[in-house]
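Note sheet for the following structure.
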Amino acid sequence: MRVDFFDFDLPEKFIAKEPVKKRDEAKLLLIPELINKQVKDLVDVLPENCVMVFNNTKVIPARIYGQFKKREFEVMLHKNIDIETWLAFIRNSKKLSVGDELIFKDGLVGIVVSKQGESGVELKFNRKGADFFATLHNIGVLPLPPYLKREATKEDEENYQTVYAKEEGAVAAPTAGLHFTTELLNKLKSKGIELLYLTLHVGAGTFQPVKVEDTKDHKMHSEFGILTSEVSDKLNLAKKEGRKIVAVGTTSLRLLESAVKDNGFFEPFERETDIFITPPYNFKSVDYLITNFHLPKSTLFMLVCAFAGVDEMKKAYEFAKENDYRFYSYGDTSLLKRKSN
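Here you go:
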């Protein structure tokens with residue numbers, strides 16, 4: 398399918414540069430009904446006794462600055478390879494060779510293990526696990542989406558993190574989850590809605606533009622995800638009981654679709670996924686999707702078109718613009734109902 402098919406006009410004024418003051422007071426568009434709500438109204442609009450699945454990944458301060466031969470290099474960590482090795486995008490990386498040592502603050506050292514072309518540079522650090530992350534929090538900077546074109550502030554350190562973030566490793570937030578407050582989560586539970594958590598470490602690839610003309614030629618970035626046996630068992634029980642499953646964010650949906658079997662039931666998952674969803678696609682895992690408003694011609698807009706219908710999504714996005722919805726990571730959100738196959 399041609400990538401241009403997923404294009405639409407989006408003037409700059411619709412792109413949110415800051416979040417709303419209170420997370421759950423962001424706008425919520427019900428699709429395909431095209432009804433305006435607020436996120437806090439989810440308590441009333443979600444199906445009774447449904448299951449919500451959240452991504453509990455935690456954004457790390459992935460931008461760090463190192464030196465080699467008195468030259469400073471900006472390093473953007475974007476994918477954890479193992480306990481001490483990361484892939485990173487490095488400005489002016491052509492000036493680096495395998496074996497070179499980048500010296501960072503607080504005694505952190507990264508050795509260039511290999512150069513991976515568009516995937517960046519493989520760095521092996523002299524610290525690992527909790528020690529590495531502790532150092533990162535001392536010297537690193539929170540990475541914001543590139544379209545914001547600004548450095549992260551102290552407010553961003555709280556705003557660009559879900560209230561339930563737990564597992565460190567993401568370099569971009571699962572943005573649909575940014576709208577939830579602890580108060581709202583408690584209200585959902587009190588209504589009999591079950592809240593479950595998986596982990597998908599969102600990589601910088603989520604911001605990469607689609608550069609090909611046809612979707613079949615696009616190579617999707619891979620991300621590491623975990624769906625535990627405990628959570629998969631609870632999801633399978635919900636399926637047997639006929640309860641609806643709601644994915645909070647496209648990252649949750651992508652991992653659930655990676656872990657679901659042909660019969661619609663789940664199995665534990667702990668590995669990379671590079672699932673690329675475009676129309677037509679037979680979803681087997683969830684019934685509803687909560688997601689923000691995405692970029693034209695992006696893989697995420699392709700995914701929501703596959704989930705709720707191309708015509709329905711194009712109509713919804715025009716409605717959103719007419720009603721002053723805010724787009725992208727700090728923007729408003731929507732509740733999509735899966736279109737019947």
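Be aware that the sequence shown starts at 398, since it is given in my numbering, and climbs by one per residue. Quick reminder that beta carbons are idealized off the backbone N, C-alpha and C, glycines included. Keep in mind it's a predicted model, so treat the numbers as computed, not measured.
Let me confirm a value: residue i is counted as buried when at least 16 other C-beta atoms fall within 10 Å, else exposed. Which label applies?
i	result
D404	exposed
E519	buried
P606	exposed
R668	exposed
K641	buried
V628	buried
V400	buried
R488	exposed
G646	buried
Y722	buried
H534	exposed
R468	exposed
R651	buried
V547	Reading off the sequence, residue 547 comes out as Arg, not Val. Exposed is the call here.
V472	buried
L634	exposed
K437	buried
V568	buried
S626	exposed
V450	buried
G496	exposed
G661	exposed
K637	exposed
P540	buried
D479	exposed
K491	exposed
N583	exposed
I'd like to confirm the pairing. Which residues does DSSP put opposite residue i in its beta bridges?
i	result
T454	E564
N689	T730
S511	E519
L476	Reading off the sequence, residue 476 comes out as Lys, not Leu. L484, per the DSSP bridge assignment.
V538	R460
L499	G507
R399	D611
F724	I412
F663	V657
On the three-state DSSP scale, how would you describe residue i?
i	result
L493	coil
K551	helix
H618	coil
T670	strand
R735	coil
K588	coil
L545	helix
F680	coil
K711	helix
F577	coil
T532	helix
K718	helix
T696	helix
N572	It should be noted that the sequence gives Thr, not Asn, for residue 572. T572 falls in the helix class under three-state DSSP.
G706	coil
So, under 8 Å CB-CB, residue i and residue j are touching, yes? Tell me the CB distance rounded to an integer number of Å.
i	j	result
G507	F522	5 Å
S731	L425	7 Å
L581	G622	Not confirmed; about 25 Å, so no contact.
F680	E664	With a Cβ gap of about 17 Å, F680 and E664 do not count as contacting.
F577	V599	16 Å between Cβ atoms; not a contact.
M617	D671	5 Å
L700	I674	5 Å
E422	Q435	6 Å
For a cutoff of 9 Å on Cβ pairs, would you count residue i as touching chain D?
i	result
E638	Looking for chain D here will not work: only one protein chain is present.
Continuous alpha helix (DSSP H) assignments of at least 4 residues falling wholly in the segment 406-474 | With a minimum length of 4 residues, the continuous alpha helix (DSSP H) runs that stay inside the segment 406-474 are 439-442.
Report the residue ranges of all alpha helix (DSSP H) runs contained in full by the segment 594-660; include only those spanning at least 4 residues, in chain order.
-> Runs of the alpha helix (DSSP H) inside the segment 594-660: 626-637 and 647-656.
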